[in-house]
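Scroll down for the structure; my scribbles are underneath it.
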Amino acid sequence: EIPDRVFSDPSRIRQMLINVVGNAVKFTASGGVTIEVTANEKIGEKTLFIILVRDTGVGLNDEQKERLIQPFMQADNSTTRKYGGTGLGLALSKRLANAIGGDIFIEDNQTNQIGCTFGITFAAALPKLIATQVKTTEEAPKNKEKSSQLLSGIRVLLADDSSDNQVLVGLVLRKQGATVDSAKNGVEAFKMGMTGSFDIVLMDIQMPEMDGYEATRALRDAGFKKPIIALTAHAMAEERARTLAAGCDGHLTKPLNQNELIETIKRLTSHNKIKSEPRKNH
126 EIPDRVFSDP SRIRQMLINV VGNAVKFTAS GGVTIEVTAN EKIGEKTLFI ILVRDTGVGL
186 NDEQKERLIQ PFMQADNSTT RKYGGTGLGL ALSKRLANAI GGDIFIEDNQ TNQIGCTFGI
246 TFAAALPKLI ATQVKTTEEA PKNKEKSSQL LSGIRVLLAD DSSDNQVLVG LVLRKQGATV
306 DSAKNGVEAF KMGMTGSFDI VLMDIQMPEM DGYEATRALR DAGFKKPIIA LTAHAMAEER
366 ARTLAAGCDG HLTKPLNQNE LIETIKRLTS HNKIKSEPRK NH
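The working numbering numbers the first residue of the sequence shown as 126 and each following residue consecutively.
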């Protein structure tokens with residue numbers, strides 16, 4: 126069973142697949158190319174992924190296989206003349222695989238002895254934000270699930286241009302009882318913040334159209350009083366000071382710590398509710 130989401134390097138994996146699959150298609154005049162993904166073996170806290178790209182092309186002998194993944198090498202002159210060069214792409218793929226703790230290998234097809242199988246291996250893990258929450262939920266007794274929710278009834282506006290971050294953070298907060306709506310840029314965050322009844326805003330600083338600084342200032346200038354937490358990749362004191370100056374009430378550094386995120390939201394929303402309660406006349 127392949128996990129829906131893993132923590133790895135999507136750019137390197139994408140480039141490896143483009144190179145390896147492109148190579149298989151180039152060398153396959155007839156037949157086809159198949160791609161198979163498995164994820165069975167555990168390596169510590171990570172899972173070993175194996176991507177097999179099988180073709181029905183011309184095939185390679187042992188010497189050609191060895192040469193093919195060496196920098197600036199190609200299968201041989203006759204193959205190169207017919208199908209074009211390919212050594213650079215596979216050599217680059219091997220380096221990309223090595224960079225994320227994996228490798229590239231080539232073997233003969235065992236079923237029909239036609240063509241080759243190119244394998245890509247790498248280790249990846251569930252993002253900690255999800256993994257920790259899943260473990261906590263599984264271990265908690267079901268009858269205590271509702272009572273243990275720390276953010277029950279809290280309405281959160283999450284402004285982040287990354288769909289992955291929206292899913293990860295949203296999952297954690299919803300597990301704690303919060304209601305989460307997402308904005309993909311600063312303009313959306315401003316509009317939603319002014320029209321929705323949110324208890325708190327999580328504001329990513331680096332966003333298109335209007336960044337987190339501008340969106341926060343716009344909300345404050347328009348009279349938005351609820352807490353705003355800045356989400357940024359920078360932990361420097363200058364960055365924290367800049368977010369607070371823009372109107373944020375808190376500052377969290379990516380990758381987010383689940384417990385810190387939940388505790389910060391709980392603290393700021395509790396404090397805000399206390400300030401919002403009218404005084405009783407005696």
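The beta-carbon is built from N, C-alpha and C at its ideal position, and this holds for glycine as well.
Keep in mind the model is a prediction, meaning the values are calculated, not measured.
Check: Length of the line joining the Cα atoms of Gln-140 and Leu-381; Outcome: 28 Å
Check: Completely contained beta strand (DSSP E) runs for the segment 327-357, where each covers 3 or more residues; Outcome: 353-357
Check: Own chain residues within Cβ distance below 6 Å of Ala-303, not counting five before or after; Outcome: Leu-276, Ile-279 and Val-281
Check: Where Arg-280 falls: helix, strand or coil (DSSP); Outcome: strand
Check: Nonlocal neighbours in the same chain, by C-beta distance under 7 Å from Phe-349, ignoring five residues either side; Outcome: Gly-318 and Met-319
Check: Whole-angstrom distance between Ile-325 and Val-145, CA atom to CA atom; Outcome: 46 Å
Check: Extent of the continuous alpha helix (DSSP H) to which Leu-142 belongs; Outcome: 135-151
Check: Buried versus exposed, by CB contacts within 10 Å (16 or more), Val-162; Outcome: exposed
Check: Pair within 9 Å by beta-carbon distance, Thr-357 and Gly-337; Outcome: yes
Check: is_contact[Ser-136, chain C] using C-beta, thresh 9 Å; Outcome: Of the chains in the structure shown, none is chain C; there is only one protein chain.
Check: Assigned exposure category for Met-361 - 16 Cβ within 10 Å defines buried; Outcome: exposed
Check: Span separating the alpha-carbon of Thr-153 from that of Asp-180; Outcome: 6 Å
Check: Own chain residues within Cβ distance below 7 Å of Glu-170, not counting five before or after; Outcome: Ala-250
Check: CB-CB length for Pro-352 against Thr-394, believed under 8 Å; Outcome: 7 Å
Check: Per-residue burial, Ser-307 [other beta carbons within 10 Å of its own, 16 or more giving buried]; Outcome: buried
Check: Three-state class that DSSP yields for Asn-202 in the structure shown; Outcome: Since pLDDT at Asn-202 reaches only 44, below the 50 mark, its modelled position is unreliable, and the value read off the structure follows with that caveat. It is helical.
Check: With 16 other Cβ atoms within 10 Å as the buried cut-off, status of Gly-157; Outcome: exposed
Check: Buried or exposed by the 16-neighbour rule on C-beta atoms within 10 Å, applied to Ala-370; Outcome: exposed
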